[in-house]
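Numbered continuously in the working numbering, the sequence shown closes out at residue 1204. Notes to accompany the following structure.
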Amino acid sequence: MLGHAGQRSSFLTRVPFAATLGVTHPSALPHESAQGAAITRLNWKPVFQHPPCSRTVALPPREATAGCEEARITPPACQLPHIFYCLWILESKMDLSHRFSKRELVLLYEEVLYTIRHRLGKPEHHHVADSQELYAYVQKAFGMDEEEHRVIMQQVKELESPVFCLKATVKEAKGILGKDVSGFSDPYCLLGIEARSQELAHPDHKKRMKAVVKDLIPEDQIHRTQVISQTLSPVWDETFILEFEDVEMASFHLDMWDSDVMESVRHKLGELTDLHGLKRIFKDARKDKGQDDFLGNVVLRLKDLHCWSDQWYLLEPRTETYPNRGQCHLQFLLTHKKRTTISSRTQPSYTVHRHLLQQLVSYEILQHQAGSITWDGELSRHASTVLYLHATQKDLSDFHQVMAQWLAYSKLYQSLEFNSNCLLHQITSIEYQWVQERLRPEQKAELAESFQSLLTYGVSLIRRFRIIFPLSVPRSTERLQSLLRVLVQMCKMKAFRELCTLSPDLPGMVSTALKSGTMEWFHMQKQHLKPMVKSMEENGRALSRLLVEVVGDLQQCQKIWNKFFLNTFKLNLFSIAFLELESLVAEHIQEQLHEIDSSMSKPTAESLFQLYMNLQELYRMKDFLPKREGPLALRNFHQWFKEAVPQWLQKAYTIALERTQRAIQMDQLTPFGEHNKHSTSTVDLSTCYAQIVKTWQQLSWPDPEEAFMIMVKLVEDMCKIALMYCRLIKERAEALSLSEQNEGEAANRLCIVVNNIKQLRLLILRLPLQLDWAQLEQRTEAVIDPQQIQHTLHNQLDSTVSCLDHEIRDVVQALATKLEKGIARHIQELSSSSDTQEPEDSIIPLMKFLESELQYLNEHLVQENFNSLLALLWRHTLAVLSAAAGQLGSSTQHYKKLHYALKSLERCFHADGCGLPLETLHTAAFLSLETHLALCSSTSRKLIQKYFSNRIQQQLDTNSEKYGAVTIKALYRPSEQKLHVDVLNAVNLIPLDSNGSSDPFVQLTLEPRHEFPEVVARTTQCKRNELHPLFDEAFDFLVPPEKCRQEGACLLLTVFDYDTLGANDLEGEAFFPLCRLPGLDADEDQVNAGQVPQTRLPLTHPKPTGDEILRLLESRKGDKEAQAFVKLRKQRAKQSKETE
């Protein structure tokens, strides 16, 4: 049962992984009865600090559980916790004590106090020796205040002590004396516990050492091993349970004897081998017949033993004749029997231990300051000591402990994110110790379910690896790599292959997940970047931004993520992502560009050019594919933009032309450098030509014939610019000369003009090389005659060289100033203004300030820089408004002014589309602030109505019936102004009584109460022991029709489980909107009651942490109606079984 010596030692010394978390399913130990009741599956519930309780904690009467030590209870099933809430929990340190009920927590606390109080064994060097420290630690871990701790501790002291046991395993011996004629012995051992050893008072006295076990210990308390014949190295491996009362006084005794059997002298002479054998024959002749020979003994004080130990002990002699008598290998474990705590008497040891693991580890995680992502499973010395004591006292086997750790960690990984490397230790341990027959059927099913659950969850994380493991978060690559390694190792386990009947194709699953995840990511990005204004220009810009995201993602896949999937699954992530995204991009862009024609606007064409370049970059990434089968969807993407090419070329020409003209106007026709003989306009002209060349290179048009036509157009445009420059630079020189009337200066300007033309000539002559005409001729040799190229391109260039001109364009750049201080000052004045002032009046100074300043900047800044400035001012304005909104104790009018200011500033910065786009304005901070201000500026009654509107919407969105459902028929009779409700039945209610059933009844109320102050609550009859009760009761409510149309007006049906003692338990609640009542909008009673359809309403539970509306109402301390409403909803939340 204890297994190999090394296994137990590794568990007890390696605390971070061996004594960690509780598990989902309880498993019975081999020595426990298999006849108990079936164990209902419990979902993992991490328990954090419980809020202090001022009342006295009373444990249930022990008479009710007497004699049930081996019984197993059947707790109700609970719902699985949500997967993605771990970071919010750890950052806000939320109170999750509701995961264990107070009674369960008290019983578990009694168990741990009992464990510490009755600890056995000498403490390990790495454990906490002081019990008071352990008491203080568990008090914090369980969230018990001093009064609770005192009461439970007193009850623990009154409990009967357990039966202390020493589980002694006699493993083997070596080097013992040979007592037989053959030189060997027939050894066996006698062992037992002496209750009161007198040697303790006289440790130097040797007389007691000569006494044998049968003289010191009663015969019925002596245990005997088997006789191993003819050996000096016997192996027994026999385990005995030795009970004792006082660990301080008791001592362990083991005597080793040589068993002598009556043999004839003739037989002994036949075994004679040497002179020593002859001496033994004479010695035997002097002995009494059948008397055994003493081989040695081991005497140990129990208080000197650790809880678990495994070592060799010297066999001590009774005389000094043969002092070296060999060694004996013994293994000890100090355990309990008949523990009198309620948990020990009513639950299996395995279940109790996993609950304790769960509680302590949950507390440890909460205390970890760095958060769950960096938590690596390391527990404190206090937690290690408590778990060590409980495991040894309960005598839990190594295998069951390892399985418990796996179940817990694998479940925890799906709730609180931490380093998945922790799971590798459990995988290795289970693989090393795996024996399927050691598990019961329910344990096998539980382990198989954990494998499948982690596999499914892990694949889901891989599917969303871009979101779950963002590169912006440190160590994301390590976390993903660790997860991949865990999944691979888990699927290789013998336990996985034997328990999971359908062996999964893990690489195939991962490949499918990566494809679907890539598709999901693309659609998410597409939706996120979707333009607010449905125009071709905005669509083009949005598509360009989408392509930037796609290319960036593929670069990350190729450079960072791909190696992990290749090494682990032999999967090429880049190929999977590229082929998927390439197809999606092609389909999406073709769908968006189907309306393009030659009459498109210039902004549209400009946005499409950027999109074209992004597509080029994406398509070039095909070179990283290892192999391709079939053509790509983007292979002819350039054809989608044929209609836009003339616009692009015209745009390039227009820009170059305008820049050249401005440059000439600013040129003073003086050398711009000490060693230069041409003026500044030539530099600008060179830049213009370079940009046109860049446009050609960016186009990189695949079709050779169409590419030739584009080249012709570009060369024609550059020649036009050259001729215009020649004409304008002369006119500039003439104008300057006329203004100065200086002959010398006029001559100098003419020289500069000549030099400029020469410089332009050099630029023109370099064009064939820059535009790579040679390559173009090679590409077009099959479709265009080389003579045509010579005639069209070269002749045009040669004719332009003789008469050139320059063109310049002036570059003007505006400066902007920052306005944060002025904005902050005006918002502060607005916030501190009198509540009697209307919001429209209080915002006037701020709007005037912005109008004057922004108008000036808009006139002097280009649109791009002006928009950047607006974006900075917008973020600053939101921060200032948020700070003003966060002031405590502010009035409703205060928030109304801030809300009005926010909406006014939004219109100002948007400027009917001329300013910032709405997607830029509507940041997360803006949306959060807008919602907060809208709520804060509402009255309490309006908030209550909003609360019920939200609950009605949640009701409409709910499809799950995990808490059951209630069926009703509702009808409004306008003639009587009555609401008629038939409560038909409820189904699939959750059992809340200890007998596995419930006593349900339905309470009907009209909400909000301030809209229906005179309508009293109605209740159905209580149905005993029913989970599917049939009520069939009718109720009438006198309600005006206009009240039914109010916001949030609803019929609240609350299903309770009736309790004779204490408050009724919540089964669930359902919200039926009164605005949807049949007959409400009719002038007369046109709806027949028999034709009214039944309405099945799923039952829901409120979120235990509440929502923003309740917190806002709770902050209005002076509003009695708000406080009463919050109190009622809090009472419901306390009974909720919902998790965040």
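We treat Cβ as the ideally placed atom computed from N, Cα and C, and that holds for glycine.
Excluding five sequence positions before and after Gln1018, the CB atoms of its chain that fall closer than 7 Å to its own CB belong to Thr1164, given in chain order. Taken through DSSP and simplified to helix, strand or coil, Asp1096 comes out as strand. Close CB contacts of Leu934 within its chain, under the 7 Å cut and outside five residues either way in sequence, are with Phe973, Gly979, Leu980 (chain order). Scanning the stretch 402-452 from its first residue to its last, the whole alpha helix (DSSP H) runs of 4-plus residues come out as 406-410, 413-431. Here the C-alpha atom of Tyr1036 lies approximately 13 Å from the C-alpha atom of Pro1157. In this structure the stretch 197-215 does not touch the stretch 238-258; the number of beta carbon pairs closer than 8 Å is below three. For Ser461, DSSP records no beta bridge to any residue. Note that the stretch 1040-1057 does not touch the stretch 981-991; fewer than 3 beta-carbon pairs, one per stretch, sit closer than 8 Å. Under the DSSP assignment, Asn631 falls in the alpha helix (DSSP H) whose first and last residues are 626-633. Inter-segment contact for the stretch 697-712 and the stretch 746-758 is absent: fewer than three beta-carbon pairs are separated by less than 8 Å. Sixteen is the threshold: when 16 or more other Cβ atoms of the shown chains lie within 10 Å of the Cβ of Pro298, as they do, the residue is buried. Around the CB of Met782, 16 or more other CB atoms lie within 10 Å, so the residue is classed as buried. One alpha carbon belongs to Leu1192, the other to Gln1085, and they sit about 23 Å apart.
Within the stretch 538-595, not a single complete beta strand (DSSP E) segment reaches 3 residues in length. DSSP places Leu914 within a helical segment (H, G or I) once states are collapsed to three. The beta carbon of Val192 lies closer than 7 Å to those of Leu198, Arg445, His446, Thr449 in the same chain, with the five residues before and after it left out. For the options Glu904, Ser898, Val944, Val416, the alpha carbon positioned closest to that of Lys885 is the one of Val944. Our two residues, Leu525 and Leu518, have alpha carbons roughly 10 Å apart in a direct line. Secondary-structure assignment with DSSP links Thr734 through no beta bridge to anything. DSSP places Lys885 inside the alpha helix (DSSP H), whose first and last residues are 884-896. The DSSP-derived three-state label of Thr233 is strand. Between Pro1072 and Ile1173 a beta carbon distance of about 12 Å is seen, past the 8 Å cut, so the two are scored as non-contacting.
For Met320, the enclosing beta strand (DSSP E) stretches over residues 315-322. Between Tyr173 and Ile216 a beta carbon distance of about 6 Å is seen, short of the 8 Å cut, so the two are scored as contacting. Within the same chain, Ile491, Ile494, Glu495 come within 7 Å of Met557 by CB-CB distance, once the 5 residues on both sides are set aside. Counting other Cβ atoms within 10 Å of its Cβ, Ser863 stays below 16 and is therefore classed as exposed. The beta-bridge partner set that DSSP reports for Asn1049 consists of Thr1031, Leu1094. Within the same chain, and ignoring the five residues on either side of Glu769 in sequence, the residues whose Cβ sits closer than 6 Å to its Cβ are Val847. Between Asn820 and Gln725, the alpha-carbon positions lie close to 15 Å from each other. Contact holds between the stretch 1018-1031 and the stretch 1130-1138, because three or more Cβ pairs, one in each stretch, are under 8 Å apart. In chain order, Leu254 place their CB closer than 6 Å to the CB of Arg288, counting only its own chain and leaving out the 5 sequence neighbours on each side.
Taken in chain order, the complete alpha helix (DSSP H) segments of 4 or more residues contained in the stretch 1129-1194 are 1172-1179. Judged by DSSP in its simplified three-state form, Arg1082 adopts strand.
With the rule of 3 Cβ pairs closer than 8 Å, the stretch 641-651 counts as touching the stretch 582-592. With respect to the 8 Å criterion, Glu302 and Gln290 are classified as neighbours on the basis of their beta carbons. Counting every other CB atom within 10 Å of its CB across the protein chains shown gives Ile891 a total of 16 or more, marking it as buried.
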